[in-house]
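The opening residue of the sequence shown carries number 1 in my numbering; numbering runs sequentially from there.
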Amino acid sequence: MTDANTSGVEASSTRPYLIRALYEWCTDNGLTPFIAVLVDERVSVPNEYVKDGEIVLNVSFDATSALKLGNDLIEFKGRFGGVARDILVPVDHVLAIYARENGQGMAFPTLAASTEVTAAPATGKTATLSSVSSKSEDEPEPTRPGPGGSRPSLTRIK
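So, in C-alpha cells, the structure goes:
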C-alpha cells in the first residue's frame, strides 16, 4: 500500500471529518453543537451578527434546516431575529466546533496556520503526534453559568 503523501497525491483535509464526528458526538450526548467561523467574502452569514471578523453559529438539529456537513462547505438554513437565512461556510473557515453546555470540542488552525502546516511536509521534516491527557494541572476549570444565566464561551489561545 502506498502512502498518499509519498505518491504525489495530496490527502484530503481531516477537518470536515472531525467536524462531522464532533457534531455527532454532541448530538448523541444531548449537547448543542456550535461552530466558530472566520468570516470573509467567501462566507455567507448575516453580517450584523459578525463580531471581530468571527461568528458563532448554533448548528443543532433544532436550530437548522437542511444541514449539510460536506467536505468543502457547511450549508443550512437558520433563523436570525426571526428571519430565515441561507448559511454557507467553507469548511476551512471553521475555527472550532464545541458543545455549548460544557465547551468541549476542538479548535482548528486558522487559514494562515493551516497553509503553513500543509507546506511543512515538503521541507522533508516529519511531524509527530503525542498523546495528551484530557486534563492538565495548569488548565483552569471551565466556568459554569452563574445565577445570571450567562453561557460558557470558547476562548482561543494562540
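For glycine and all other residues, C-beta sits at the position ideal for the given N, C-alpha and C.
Residues sharing a beta bridge with residue i, DSSP
i, result
"GLY105", "TYR98"
"ARG79", "ALA84"
"THR64", "GLY78"
"ASN58", "PHE34"
"LEU69", "ILE74"
"PRO46", "PRO46 is not bridged to any residue."
"VAL89", "ILE74"
Residue i vs residue j beta-carbon contact at 7 Å
i, j, result
"ASP62", "VAL91", "no"
"LEU31", "ALA99", "yes"
"TYR23", "PRO16", "no"
Proximity test, residue i beta-carbon vs the ligand MG heavy atom, cut-off 6 Å
i, result
"ALA11", "Absent from the structure shown: the ligand MG. Ligands present: none."
Nearest-angstrom Cβ-Cβ length linking residue i and residue j, presumed shorter than 8 Å
i, j, result
"LEU57", "LEU95", "So it is not a contact: roughly 11 Å between Cβ atoms."
"VAL43", "VAL89", "6 Å"
Own chain partners of residue i with C-beta closer than 7 Å, once the 5 adjacent residues on each side are dropped
i, result
"GLU137", "Annotation note: pLDDT 45 at GLU137 (below 50); position unreliable, no value reported."
Residue i versus residue j - alpha carbon distance
i, j, result
"HIS93", "VAL50", "14 Å"
"VAL132", "ILE87", "Note that VAL132 scores 39 on pLDDT, short of 50, meaning its location in the model is unreliable; the coordinates nonetheless yield the value given after this. For VAL132 and ILE87, the distance between alpha carbons rounds to 35 Å."
"ALA84", "GLY70", "21 Å"
"CYS26", "GLU101", "10 Å"
"THR12", "ASN47", "Strictly speaking, residue 12 in this sequence is Ser, with Thr absent from that position. Approximately 30 Å, taken between the alpha carbons."
"GLY81", "VAL59", "16 Å"
"GLN104", "ILE35", "12 Å"
"THR14", "GLU41", "23 Å"
"ILE74", "ASP52", "21 Å"
"LYS68", "VAL45", "15 Å"
"ALA21", "ILE55", "21 Å"
Contacts around residue i, its chain only, beta-carbon distance under 8 Å, and the 5 residues preceding and following it disregarded
i, result
"LYS169", "Residue 169 falls outside the range modelled here, since the chain spans only 1 to 158, and no answer is possible."
"ALA113", "Caution applies to ALA113, whose pLDDT of 48 falls short of 50 and renders its modelled position unreliable; the value that the coordinates give is listed next. Cβ within range, chain order: n/a, list empty."
"THR110", "LEU38 and LEU95"
"ASN181", "Beyond the ends of the chain as shown, which are 1 and 158, falls residue 181; an answer cannot be given."
"ARG79", "ALA63 and ARG85"
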